[in-house]
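The opening residue of the first sequence carries number 133 in the working numbering; numbering runs sequentially from there.
A virtual CB, placed ideally from N, CA and C, is assigned to each residue, including glycine.
Just so you know, these numbers come straight off a predicted model, no measurement behind them.
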Amino acid sequence: MKIESLDLSDEIKRFYENSGILELYPPQAKAVEKGLLEGKNLLAAIPTASGKTLLAELAMLKSVLAGGKALYIVPLRALASEKFRRFQEFSGLGIRVGISTGDYDKRDEGLGINDIIVATSEKTDSLLRNETAWMQEISVVVADEVHLIDSPDRGPTLEVTLAKLRRMNPSCQILALSATVGNADELAAWLDAELVLSEWRPTDLMEGVFYNGTFYCRDKEKPVEQPTKDEAINLVLDTIKEGGQSLVFESSRKNCMGFAKKAVSAVKKTLSKEDREALAGIADEILENSETDISSVLANCVRAGTAFHHAGLTTPLRELVEDGFRNGKIKLISSTPTLAAGLNLPARRVVIRSYRRYSSEMGMQPIPVLEYKQMAGRAGRPRLDPYGEAVLLAKSYEELVFLFEKYIEAGAEDIWSKLGTENALRTHVLSTISNGFARTKEELMDFLEATFFAFQYSNFGLSAVVDECLNFLRQEGMLEKDPDILVSTVLGKLVSRLYIDPLSAALIAKGLREAGTLTELTLLHLICSTPDMRLMYMRSQDYQEVNDYVMAHAGEFSRIPDPFNIAEYEWFLGEVKTSLLLMDWIHEKPENEICLKFGIGEGDIHSTADIAEWIMHVAAQLAGLLGLKGAKEATELEKRIRYGAAPELMDLLDIRSVGRVRARKLYEAGFKTTAELAAASPEQIAALVGPKIAERIFKQIGRKGTAPESTTTEPLEKGSPEGQRTISDF
DNA sequence: CAGGATTCGGTATAGACAGCATGTC
DNA sequence: CTATACCGAATCCTG
133 MKIESLDLSD
143 EIKRFYENSG
153 ILELYPPQAK
163 AVEKGLLEGK
173 NLLAAIPTAS
183 GKTLLAELAM
193 LKSVLAGGKA
203 LYIVPLRALA
213 SEKFRRFQEF
223 SGLGIRVGIS
233 TGDYDKRDEG
243 LGINDIIVAT
253 SEKTDSLLRN
263 ETAWMQEISV
273 VVADEVHLID
283 SPDRGPTLEV
293 TLAKLRRMNP
303 SCQILALSAT
313 VGNADELAAW
323 LDAELVLSEW
333 RPTDLMEGVF
343 YNGTFYCRDK
353 EKPVEQPTKD
363 EAINLVLDTI
373 KEGGQSLVFE
383 SSRKNCMGFA
393 KKAVSAVKKT
403 LSKEDREALA
413 GIADEILENS
423 ETDISSVLAN
433 CVRAGTAFHH
443 AGLTTPLREL
453 VEDGFRNGKI
463 KLISSTPTLA
473 AGLNLPARRV
483 VIRSYRRYSS
493 EMGMQPIPVL
503 EYKQMAGRAG
513 RPRLDPYGEA
523 VLLAKSYEEL
533 VFLFEKYIEA
543 GAEDIWSKLG
553 TENALRTHVL
563 STISNGFART
573 KEELMDFLEA
583 TFFAFQYSNF
593 GLSAVVDECL
603 NFLRQEGMLE
613 KDPDILVSTV
623 LGKLVSRLYI
633 DPLSAALIAK
643 GLREAGTLTE
653 LTLLHLICST
663 PDMRLMYMRS
673 QDYQEVNDYV
683 MAHAGEFSRI
693 PDPFNIAEYE
703 WFLGEVKTSL
713 LLMDWIHEKP
723 ENEICLKFGI
733 GEGDIHSTAD
743 IAEWIMHVAA
753 QLAGLLGLKG
763 AKEATELEKR
773 IRYGAAPELM
783 DLLDIRSVGR
793 VRARKLYEAG
803 FKTTAELAAA
813 SPEQIAALVG
823 PKIAERIFKQ
833 IGRKGTAPES
843 TTTEPLEKGS
853 PEGQRTISDF
């Protein structure tokens, strides 16, 4: 099917033809035949890289140019910015594109001027909770990676959000994009959607198993040279020899880094002079970006054309690795499943070095077929590689047979809604009521009838769980007591808007109410005892230290569980360990030291601090609303967690381009406030932080200084929360 | 006796969304 | 509670 023949405006057709797209891929053509451009709901369950994005674009452009508004829902922030950048290419067509995620946000209402908006599923939910007006104008919703409905922690949000959007805009077109799953027909039926099911790929994919020096595919086998003792390295070298790159999936970070290191000497030999120079440049950028031990290991790997990629790396480092791979310099990325879903980063050959992964409940377990397909699907760059190869490794003939049956010949699993537990429902029940989607139990059940859970299981089973949720929410004062109607209280509305688990909010409120003195530790641990926090695991070497710390600070914890209750106490120690990490962070311990002490990466520090900052914000808000102690303390801690700094630096941190390190330098040199800084000579400051930064600093405080106002020591906003405190009665 | 191979025991185990208001080194 | 791979240390083997 030709682009030219589509029912689209000429400018759209020209846009695609100019970029070299003249003809649709077969699955895309099928989607058009099934009504993609006529506003029909559609579920496309087709492989990665077979043109899902184009489908979404066509539907969105068609609708937007007819005066509509499109919402593109993604599961990852990184994916949101990838799509955002792509859609910005439509600006020539007069189309405005916006992005909304937790870390990057054009203000809600301002977002509404855009024609296409990219958002994560949680952010979409949050926008709904905040009753963002423009959401009613949405005419197309694209739900990317919709198979994530199966995910226990994030699936419920996605399905409830889709149900809300459909309830709000019944005429809105839904385009759901999914990996191939077992029960795509069921998912399509739930969405009242036509189903496009296809295994077609633009680049051939050969899936097979490597065993005993040979790569076995379905219908052919090919020997691979064995210059080294490591089979995976030999596969990598073989790919390089053919001019391709490899992506190696590992099941742990340690292995992931280990393999990149191990491959260094072999891969290095294959590099050209230009490659070496380009790689040295990337390595230097890595070192400029981060000074931890891990980043110097990464830099050394990159110099040799290998790299590793996992969530312990900060975002800039990950991006450097991804870009280096995309432009062909890095020959091998050894990765945890970070790269399996999401980002578009294909390679000639994918090697799955371990198909088993540890889970605390089940021990080592084979990964799901769906996940295997996602990794294998990364093989083969469209238009660049003649074919792609996905390789599993077997140590025995039996294993080879097993792998063929289990993964290569097998279809993906069915997906199942995970909405049916109190943990999943609690927050959505509250937000549904808070938003006025339901004012009675019947209306609530009626709304839930529209979820995938009800479609799969009937919502009969939901009723009892919903009652549990309602009881909980009433008991915690988030819903009015009246049993006949469902109305959220002021507290309930706040909890819904702050996007926190009502259980977390309840725990925080209880902790603040019952606390004696509120120390840093008390508040941090309170945050860490919340289900929204992500905890660190205890390693055996941690027990001693963490336990000693608990003993020494016993009075500062709101509650210490009985050590003989092993499971509960173990959990508690994990909370304390995470609190200790945050303590180190807000006392300005250097990042590398924290990494070494806790055995984590820089990326983990930031993500932990990020969550903690959010929950601390919630604590401050709750304390304010409920008139509990701790509002001031929590607000300060929120800021300290954001910057990772001690209290005495708070004033200096208000200056842009001054973070924990520079603020400390200035402070130690005797410039303890912005006022003292304003009185200093530019030379003094330049000696401390460099002339460029010094100039920036003076530009900011200088401006304040020249303002006719006064010479008070607080030229910058230090908002006192007094007066805006509302005491709710309950 | 040195150096490499082998075995044994201890140990650790993927990822990532959200509020709010603007810019770390 | 279920497994496995890796690491380092101790031990064994070989030239």
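For Tyr343, the residue or residues it bridges with in DSSP: Thr346, per the DSSP bridge assignment.
Would you give the residue range spanned by the beta strand (DSSP E) that Val678 belongs to? For Val678, no beta strand (DSSP E) run applies; the uninterrupted alpha helix (DSSP H) run containing it begins and ends at 674-684, by DSSP.
Excluding the five sequence neighbours on either side, which residues of its own chain have a C-beta within less than 8 Å of the C-beta of Glu254, listed in chain order? So the list reads Gly234, Arg286, Thr289, Tyr631, once near-sequence residues are dropped.
Coarse secondary structure for His442, derived from DSSP in three states: The answer is coil: DSSP assigns His442 none of H, G, I, E or B.
Quick one: what's got a C-beta closer than 7 Å to Ile414's C-beta in the same chain, skipping five residues either side? If you ignore the 5 residues before and after Ile414, its C-beta comes within less than 7 Å of the C-beta of Val434, Leu452, Gly456, Lys461, all in its own chain and listed in chain order.
Of the residues Pro663, Gly593, Ala181, which one's Cα is nearest the Cα of Ala472? Of the listed residues, the one whose Cα sits closest to Ala472 is Ala181.
Give the straight-line distance between the Cα atoms of Ala212 and Ala638, rounded to the nearest whole angstrom. Looking at the backbone, the Cα of Ala212 and that of Ala638 are separated by about 32 Å.
Between the Cα of Glu768 and those of Arg408, Arg299, Glu652, Ala191, spot the shortest distance and give me the residue it belongs to. Of the candidates Arg408, Arg299, Glu652, Ala191, the one whose C-alpha sits nearest the C-alpha of Glu768 is Glu652.
Tell me the residue span of the beta strand (DSSP E) that contains Ile231. From DSSP, the beta strand (DSSP E) with Ile231 extends over 229-232.
Classification of Arg671 by the beta-carbon crowding that lies within 10 angstroms, buried from 16 upward: The residue is exposed, with fewer than 16 neighbouring Cβ atoms inside 10 Å.
Which whole-angstrom value is the C-beta distance of Glu136 and Lys145, which I expect to be below 8 Å? Sure, about 6 Å apart at Cβ, within 8 Å.
Pairwise C-alpha distance: Gly226 and Arg582: A small fix is needed here, since residue 582 is Ala in this sequence, not Arg. If you take the alpha carbons of Ala582 and Gly226, they lie about 36 Å apart.
What residue does the alpha helix (DSSP H) around Ala752 start on, and which one ends it? Going by DSSP, Ala752 is part of the alpha helix (DSSP H) stretching over 734-758.
Report the rounded CA-to-CA distance for Glu357 versus Ser330, giving the unit in angstroms. CA-to-CA, the gap between Glu357 and Ser330 works out to about 35 Å.
Pick helix, strand or coil for Lys721, following the three-state DSSP scheme. In the structure shown, Lys721 adopts coil according to DSSP, grouped into three states.
On a Cα-Cα basis, can you pick out the residue from Thr621, Ser739, Gly687, Ala699 that is closest to Asp664? Minimum Cα distance to Asp664 is reached at Ser739.
What residues match up with Gly512 in a beta bridge as DSSP calls it? Looking at the DSSP output, Gly512 bridges to nothing.
Distance between beta carbons of Arg481 and Leu367, contact taken as under 8 Å: Right, the Cβ-Cβ distance comes to about 7 Å (below 8 Å), so this counts as a contact.
Below 8 Å between beta carbons: does that hold for Leu168 and Ala191? Their beta carbons are under 8 Å apart, which means Leu168 touches Ala191 by this criterion.
For the alpha helix (DSSP H) that Pro448 lies in, which residues bound it at each end? Unbroken alpha helix (DSSP H) run through Pro448: 447-458.
Identify the continuous alpha helix (DSSP H) that holds Gln497 and give its terminal residues. Per DSSP, Gln497 lies in no alpha helix (DSSP H) segment; the continuous beta strand (DSSP E) that holds it begins and ends at 495-498.
Mapping the DSSP letters down to three states, classify Glu846 as helix, strand or coil. With a pLDDT of 37 at Glu846, under the threshold of 50, the modelled position of this residue cannot be trusted, and the question is left open.
Use the C-beta contact count for Arg350: other C-beta atoms within 10 angstroms, 16 or more gives buried, fewer gives exposed. Classification of Arg350: exposed, given that the 10 Å Cβ count is below 16.
Span of the beta strand (DSSP E), counted from its first residue to its last, around Ile617: Per DSSP, Ile617 lies in no beta strand (DSSP E) segment and is marked neither H nor E.
Under 8 Å, do Ser141 and Lys550 count as touching if we go by C-beta distance? No, these two residues do not count as a Cβ contact at 8 Å.
Complete runs of the alpha helix (DSSP H) confined to the region 356-428 [at least 4 residues]: If we require 4 residues or more, the alpha helix (DSSP H) runs fully inside the region 356-428 come out as 363-373, 385-394, 396-400, 405-421.
Measuring only the C-alpha atoms, how far is Leu594 from Glu574? When the Cα atoms are used, Leu594 and Glu574 turn out to be separated by approximately 12 Å.
Round the Cβ separation of Val533 and Ile484 to the nearest angstrom and send it over; I've been treating them as touching at under 8 Å. Rounded to the nearest angstrom, the Cβ distance from Val533 to Ile484 is 17 Å, too far for a contact under 8 Å.
Could you check where the beta strand (DSSP E) with Glu521 kicks off and where it finishes? Start and end: 519-525.
Rounded to a whole number of angstroms, what is the C-alpha to C-alpha distance between Leu449 and Leu430? If I take the Cα positions, the gap works out to 9 Å.
Would you decide whether Tyr204 is buried or exposed? Buried here means 16 or more other CB atoms lie within 10 Å of its CB. So Tyr204 ends up on the buried side.
Can you tell me where the alpha helix (DSSP H) holding Ala763 begins and where it ends? Per DSSP, the continuous alpha helix (DSSP H) segment holding Ala763 begins and ends at 763-775.
In whole angstroms, give me the CA-to-CA distance for Ile732 and Thr446. The straight-line gap from Cα to Cα measures roughly 12 Å.
First and last residue of the beta strand (DSSP E) that includes Ala472? Per DSSP, Ala472 belongs to no beta strand (DSSP E) and is neither H nor E.
Among Asp324, Ala778, Asp336, Ala526, which has the Cα closest to the Cα of Leu302? In the sequence on display, residue 302 carries Pro and not Leu. Ranking the options by Cα distance to Pro302, first place goes to Asp324.
Report the rounded CA-to-CA distance for Ala410 versus Leu379, giving the unit in angstroms. Their Cα atoms are separated by approximately 20 Å.
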